[in-house]
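Just below is one structure, and these are the notes that go with it.
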Amino acid sequence: MAAKKGRSGVATLINGAGFLLAVILVLHIVLVLFHLPSENGLADSVRGAAEPLALFFPGLIQTTNAQLQLLFDYGLAAAFWVLVASLLARVFG
């Protein structure tokens, strides 16, 4: 019976960081879709963190629906960060 290779701590840390970045982007989507007031400190902080994390994805796919545009812009960025973190975890783990 072959022994399973365990994950290194570096791989777990990289995956966790990618997941955290994706959570910030998804939280921004949820806060905007539920129309949380921008005067709220949490919503403003999440927006401030999500905008630079979205990289080049905002406007990459154009739609006429504002909610769908938000999902494309920040949802693709969240998927990108999870994918990049997963690939880096494989390389360094």
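The numbers in the sequence shown follow this note's numbering, run straight up by one, and end at 73.
Quick reminder that beta carbons are idealized off the backbone N, C-alpha and C, glycines included.
The structure displayed is predicted, hence computed values, not measured ones.
Taking the alpha helix (DSSP H) that I9 falls in, what are its first and last residues?
Its alpha helix (DSSP H) spans residues -11 to 13.
Delimiting residues of the alpha helix (DSSP H) encompassing G73
Premise fails: G73 is in no alpha helix (DSSP H) and is neither H nor E.
On the DSSP letters alone, give me the boundaries of the alpha helix (DSSP H) that L22 sits inside.
Per DSSP, the continuous alpha helix (DSSP H) segment holding L22 begins and ends at 21 to 33.
Do H8 and the ligand NAD come close, with the Cβ less than 7 Å from some heavy atom?
Among the components modelled here there is no ligand, and therefore nothing to report on the ligand NAD.
Sorted by chain position, which residues of the same chain lie with C-beta nearer than 7 Å to N(-5)'s C-beta, five sequence neighbours on each side aside?
Excluding sequence neighbours, N(-5) sits near A65, S66, A69.
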